[in-house]
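Position one of the sequence shown corresponds to residue 445 (the numbering used here), numbered consecutively onward. Note that beta-carbon positions come from the ideal geometry of N, C-alpha and C, so glycine has one too.
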Amino acid sequence: MWIDVDPYQYQLHVTIPTIYSTIESENIDERVVYIGDVEKRKQVENIKNLAQGENGVNLKNWTSGYKDIDEFIQQSQLNAVHCKKYIEWIPFENFKDITYITREVALKSLDNSSCISTEFLNEIKTHLQIYLWDIVQCYGITQDQNTKDYMMVLEYCREGNLRNYYLNNESDYYSKINKLQQIVSGLLDNHNAGKVHKDFHSGNILHRDYPLISDLGMCQPANNEKQSVKQEGIYGVLPYMALEVLRGYQYTKASDIYSFGIMMNEYISEETPYNNIPHNHALSIKICKGLRPNIFKYTPKLLADLITKCWDAKAENSPTTKELYQTLNKWDECRASEDSDTGFQIYEYNDKIKLNRTSEKRSNNI
Numbered sequence: 445m446w447i448d449v450d451p452y453q454y455q456l457h458v459t460i461p462t463i464y465s466t467i468e469s470e471n472i473d474e475r476v477v478y479i480g481d482v483e484k485r486k487q488v489e490n491i492k493n494l495a496q497g498e499n500g501v502n503l504k505n506w507t508s509g510y511k512d513i514d515e516f517i518q519q520s521q522l523n524a525v526h527c528k529k530y531i532e533w534i535p536f537e538n539f540k541d542i543t544y545i546t547r548e549v550a551l552k553s554l555d556n557s558s559c560i561s562t563e564f565l566n567e568i569k570t571h572l573q574i575y576l577w578d579i580v581q582c583y584g585i586t587q588d589q590n591t592k593d594y595m596m597v598l599e600y601c602r603e604g605n606l607r608n609y610y611l612n613n614e615s616d617y618y619s620k621i622n623k624l625q626q627i628v629s630g631l632l633d634n635h636n637a638g639k640v641h642k643d644f645h646s647g648n649i650l651h652r653d654y655p656l657i658s659d660l661g662m663c664q665p666a667n668n669e670k671q672s673v674k675q676e677g678i679y680g681v682l683p684y685m686a687l688e689v690l691r692g693y694q695y696t697k698a699s700d701i702y703s704f705g706i707m708m709n710e711y712i713s714e715e716t717p718y719n720n721i722p723h724n725h726a727l728s729i730k731i732c733k734g735l736r737p738n739i740f741k742y743t744p745k746l747l748a749d750l751i752t753k754c755w756d757a758k759a760e761n762s763p764t765t766k767e768l769y770q771t772l773n774k775w776d777e778c779r780a781s782e783d784s785d786t787g788f789q790i791y792e793y794n795d796k797i798k799l800n801r802t803s804e805k806r807s808n809n810i
């Protein structure tokens, strides 16, 4: 039903990579397989008819019990532009000890979801729109036969979230720069798809050999002016929330950059942000007045400066996601000379962070 395609010949996802792109837009258009161009998709992927596959044409032989879900699954298959980029209805009996028989997965349940919500389907739509290696993959939908709650079947990340990872694994400076470059690559893909994550923190960065961005439930179009904070309320994890959001303004890509800066500092310092301060309204006021997490004393200056730029009080002063990626990628590929000031700072950081790991002062809050 599918054939392998040279990834450099065609762009197989809905966003155009712009990290180092110097190609003129008309040339890019020839390489993009647009989701509405059915004939082009058939030509490139040799799709005979995905809907005639396992669950498509056999709708009468399976049902989720909910018409909207049945139609949603079929549409995802009809519109798929890659063999892994559609979802399935997965009968709950296919799971054993909360493990899908053919692979390890995670089940994300939505409480009281016997009547499916628009938000639930929107989260799955977001997974299908941003189906890249650095975003947790959604395989399908199932239903708990006891509670009748619907669940998303997601890619399983055995090493837990970023906080679990840094508390249980020793990493040096360049290892962390590499991970941060991979994380911001996922955020860039998210932004290139026109989305704002809105809940970016270390608990939503999962790890399985490499980091992946998860929890796209709050992900919304970047230009969705109808979803103002004042209308929908403030959601998220307080220490990672941008000042403009705390003040009641709309979530933006810059809000995600602020959150990335807080997360980046947490990973470098191996300390949870504001771990000795109650996470309440008083903290939000202090943040708006300029309070930020402590930067680890031995963090190399160029990295400390980047962190500070990300959480600048003026969102327009923060770097773009593309600039963040380019900077971290450059540091990852072009390592500082050991004899340079930066090289010495990196050496000192690696030495001091090891000592800090054994210190009683280190936070073990998960």
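- For Tyr-695, no beta strand (DSSP E) segment is defined, and its DSSP state is neither H nor E.
- Less than 7 Å divides the Cβ of Ser-658 from the Cβ of Val-580.
- Note on Asn-773: 16 or more other CB atoms within 10 angstroms of its CB, so buried under the neighbour-count rule.
- For Thr-586, the uninterrupted beta strand (DSSP E) run begins and ends at 582-587, by DSSP.
- In this structure the segment 600-611 does not lie against the segment 635-644, because fewer than three pairs of beta carbons, one per stretch, are closer than 8 Å.
- Your pair Arg-691 and Cys-732 checks out as a contact, with CB atoms roughly 6 Å apart and the cut at 8 Å.
- For Val-628 and Thr-765, the gap between their C-alpha atoms comes out near 7 Å.
- Glu-782 is classed as exposed because its beta carbon has fewer than 16 other beta carbons within 10 Å across all chains shown.
- The beta carbons of Leu-631 and Asp-700 sit about 6 Å from each other, so the pair counts as a contact at 8 Å.
- One alpha carbon belongs to Gly-705, the other to Phe-788, and they sit about 23 Å apart.
- For Leu-735, there is no enclosing beta strand (DSSP E), as DSSP gives it neither H nor E.
- Here Lys-796 has Tyr-742 as same chain residues with Cβ atoms under 7 Å from its own Cβ, once five neighbours each way along the sequence are excluded.
- Annotation: Gln-519 to Asn-720 spans about 49 Å, alpha carbon to alpha carbon.
- For Glu-599, the enclosing beta strand (DSSP E) stretches over residues 594-599.
- For His-651, the enclosing beta strand (DSSP E) covers residues 649-651.
- Bounds of the alpha helix (DSSP H) holding Leu-747 are 745-754.
- When the beta-carbon positions are compared, Ile-790 and Tyr-610 stay at least 7 Å from each other.
- Per DSSP, Leu-768 is one residue of the alpha helix (DSSP H) stretching across 765-777.
- Collapsing the DSSP output to three states places Ile-701 in a helix.
- Between Gln-625 and Tyr-654, the C-beta gap is not smaller than 7 Å, which leaves the two residues out of contact.
- Asn-605 sits in a strand when the DSSP states are folded into three classes.
- Just so you know, the alpha carbons of Pro-744 and Glu-792 end up roughly 9 Å apart.
- With 16 or more neighbouring CB atoms inside 10 Å of its own CB, Thr-771 falls in the buried class.
- Taking C-alpha positions only, Asp-588 is separated from Lys-511 by approximately 17 Å.
- Each of Ile-534, Ala-757 and Asn-636 was checked against the Cα of Ser-703, and the nearest Cα belongs to Ala-757.
- Short of 7 Å from the beta carbon of Asn-622, and not among the five residues preceding or following it, lie these beta carbons of its own chain, in chain order: Asp-776.
- The alpha carbon of Ser-508 has as its nearest neighbour, out of Lys-592, Leu-799 and Cys-582, the alpha carbon of Lys-592.
- Rounded to the nearest angstrom, the gap between the Cα atoms of Trp-506 and Gly-584 is 14 Å.
- DSSP lists Leu-650 as the beta-bridge partner residues of Leu-656.
- The three-state secondary structure of Ile-706, taken from DSSP, is helix.
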